[in-house]
Amino acid sequence: APSYLKYSSLHEFGVCHACGHSSVFLASGNNLKESLNCAYCGAWQRIRFISELLLETYSQASACSLRDLVREPLFSSLDIYEAAAQGALHERLKHLPGYVCSEYFEDCAPGRARNGVRCEDLQQLTFADAQFDLVLHTSVLEHVRRPQAAIAESFRVLKPGGILLFEVPLTEEGVPGVRARTVSRVDTRTDNDIFLM
Numbered sequence: 554a555p556s557y558l559k560y561s562s563l564h565e566f567g568v569c570h571a572c573g574h575s576s577v578f579l580a581s582g583n584n585l586k587e588s589l590n591c592a593y594c595g596a597w598q599r600i601r602f603i604s605e606l607l608l609e610t611y612s613q614a615s616a617c618s619l620r621d622l623v624r625e626p627l628f629s630s631l632d633i634y635e636a637a638a639q640g641a642l643h644e645r646l647k648h649l650p651g652y653v654c655s656e657y658f659e660d661c662a663p664g665r666a667r668n669g670v671r672c673e674d675l676q677q678l679t680f681a682d683a684q685f686d687l688v689l690h691t692s693v694l695e696h697v698r699r700p701q702a703a704i705a706e707s708f709r710v711l712k713p714g715g716i717l718l719f720e721v722p723l724t725e726e727g728v729p730g731v732r733a734r735t736v737s738r739v740d741t742r743t744d745n746d747i748f749l750m
């Protein structure tokens, strides 16, 4: 709570596209992308943006939030893969019959589970071709050794006409708390990482 008080001048108000509540979005630092959490469901700004895109793409009944969208027949019938097993999106989607989620664990074989959570490597997914209508990952690709392979795999497991929806951190000059440019830290062109910093 003390950090929320310190950054209270950056708080925003509005309707959360994840949970549907009129809410205050609480800033906990200058980097608003990683902040502005909904006071009700905790969804960060980027998760609320993804929720808004899902509404614009799939709602057939003017749903105002992801909470409403999961009740619509079309959306609730989709086969969805999310490369996360936690967070506000996961909490809204996990009850759908066609929803599959995963995390990456270095000490677990892809396709297996650890503590009830499926392990997947986005660079080599264990799913069949054309299995999902929607593939989601938020702030995951920047942690993947070869993001191009992860994107190719995401497209491989999508059904024809399926949608890949992802978000990655980008830099923007003049935004407080965000670097002015991206710096490569590791060269992954060979099988061995070459650390550049």
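The opening residue of the sequence shown carries number 554 in the working numbering; numbering runs sequentially from there.
Every residue gets a Cβ at the ideal spot worked out from N, C-alpha and C, and that includes glycine.
Only a predicted model underlies this, so the values are computations on that prediction, with no experimental measurement involved.
Span separating the alpha-carbon of residue i from that of residue j
{"i": "Ser604", "j": "Ala637", "result": "15 Å"}
{"i": "Leu687", "j": "Leu678", "result": "15 Å"}
{"i": "Ser615", "j": "Phe628", "result": "12 Å"}
{"i": "Leu579", "j": "Cys591", "result": "6 Å"}
{"i": "Ile633", "j": "Val653", "result": "6 Å"}
{"i": "Leu646", "j": "Val623", "result": "7 Å"}
{"i": "Leu558", "j": "His564", "result": "10 Å"}
{"i": "Thr741", "j": "Glu695", "result": "13 Å"}
{"i": "Tyr611", "j": "Gln701", "result": "26 Å"}
{"i": "His570", "j": "Leu606", "result": "9 Å"}
{"i": "Val710", "j": "Ala596", "result": "27 Å"}
{"i": "Pro663", "j": "Asp674", "result": "6 Å"}
{"i": "Ile716", "j": "Ala683", "result": "11 Å"}
{"i": "Leu642", "j": "Val693", "result": "14 Å"}
{"i": "Leu649", "j": "Met750", "result": "43 Å"}
{"i": "Asp746", "j": "Val568", "result": "44 Å"}
For residue i, the residue or residues it bridges with in DSSP
{"i": "Val653", "result": "Tyr634"}
{"i": "Val568", "result": "Ser575"}
{"i": "Asp688", "result": "Checking the displayed sequence, the identity of residue 688 turns out to be Val instead of Asp. DSSP output for Val688 lists Tyr634 and Leu717 as bridge partner(s)."}
{"i": "Phe748", "result": "Val739"}
{"i": "Cys591", "result": "Phe578"}
{"i": "Val670", "result": "Arg667"}
Residue burial classification, residue i (beta-carbon count within 10 angstroms, cutoff 16)
{"i": "Ile600", "result": "buried"}
{"i": "Phe680", "result": "buried"}
{"i": "Leu689", "result": "buried"}
{"i": "Cys672", "result": "buried"}
{"i": "Cys617", "result": "exposed"}
{"i": "Phe685", "result": "buried"}
{"i": "Glu659", "result": "exposed"}
{"i": "Glu609", "result": "exposed"}
{"i": "Val697", "result": "buried"}
{"i": "Gly640", "result": "buried"}
Three-state secondary structure assigned by DSSP to residue i
{"i": "Pro713", "result": "strand"}
{"i": "Thr741", "result": "coil"}
{"i": "Phe680", "result": "coil"}
{"i": "Glu644", "result": "helix"}
{"i": "Pro700", "result": "helix"}
{"i": "Arg624", "result": "coil"}
{"i": "Ala705", "result": "helix"}
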